[in-house]
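Our numbering numbers the first residue of the sequence shown as 3 and each following residue consecutively.
Please read the structure below before turning to the comments.
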Amino acid sequence: MNSDSSPAPTQDQASRRRPRLVGGLTLAMLASWLLMISPLPYSLLSGITGLVALVLLIPLIVMSIRERRYSMAVIGTLLGVPATLLIIATSAFSALFYGPTAEHQECLSTAITQQARVQCDDAVQGSMAEWVSGLFGG
């Protein structure tokens, strides 16, 4: 008698699980991309969907290695993992610098000319420098 309470998944179960993982990963990455291009309060949610995509990607990579689909595992490892980590990092950076980033987005939404956009970029650099120096008590 096997002491393991759950039997190893059969080839049929794994072949049914792969399309669900790929579909979920595709939806999570699409949601992450759409949320990243959204205005600031909503763009923070891209970190959550990026984390969901990473959680779906890891079993897909492991499954690909077990099934000897090495090209899929390499692509998932070399492209998928860094992409999801970049999405999560971008969301964390936006949350960390929420105040200056919100001011920059607001400034850009009212800027009409290229010169006004350049002024917004200059203002956000000064605002972030002040914010960071205030954070460290400088």
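Idealized CB from N, CA, C, for every residue including glycine.
This one's a predicted model, so the numbers in the text were calculated from it and none came from an experiment.
Euclidean distance between Cα positions of residue i and residue j
i, j, result
"Glu132", "Ala104", "15 Å"
"Glu69", "Leu58", "17 Å"
"Arg19", "Ala125", "50 Å"
"Ile39", "Thr92", "11 Å"
"Leu47", "Leu23", "21 Å"
"Gly25", "Val134", "41 Å"
"Tyr44", "Leu37", "6 Å"
"Ser66", "Thr79", "11 Å"
"Leu137", "Gln15", "52 Å"
"Gln127", "Pro21", "45 Å"
"Val76", "Gly49", "23 Å"
"Ile60", "Gly82", "9 Å"
"Gly139", "Val120", "29 Å"
Range covered by the alpha helix (DSSP H) that runs through residue i
i, result
"Thr112", "100-112"
"Pro41", "Run containing Pro41: none; DSSP gives neither H nor E here."
"Glu132", "116-137"
"Thr51", "48-68"
Nearest-angstrom Cβ-Cβ length linking residue i and residue j, presumed shorter than 8 Å
i, j, result
"Thr86", "Ala55", "5 Å"
"Leu62", "Leu27", "6 Å"
"Met95", "Met130", "The residue asked about is misnamed: residue 95 is Phe in this sequence, not Met. Not quite, the Cβ-Cβ distance comes to about 11 Å (not below 8 Å), so this is no contact."
"Thr51", "Ser34", "4 Å"
Cutoff 8 Å; reference residue i; Cβ partners in own chain excluding five residues on either side
i, result
"Leu53", "Thr86, Ile90"
"Leu42", "Ser96, Tyr100, Thr103, Ala104, Gln107"
Neighbourhood of residue i by C-beta, 7 Å cutoff - its chain only, sequence neighbours within 5 removed
i, result
"Ile114", "none"
"Met31", "Ala55"
Beta-carbon proximity list for residue i, same chain, < 6 Å, skipping 5 on both sides
i, result
"Leu110", "Cys122"
"Pro84", "none"
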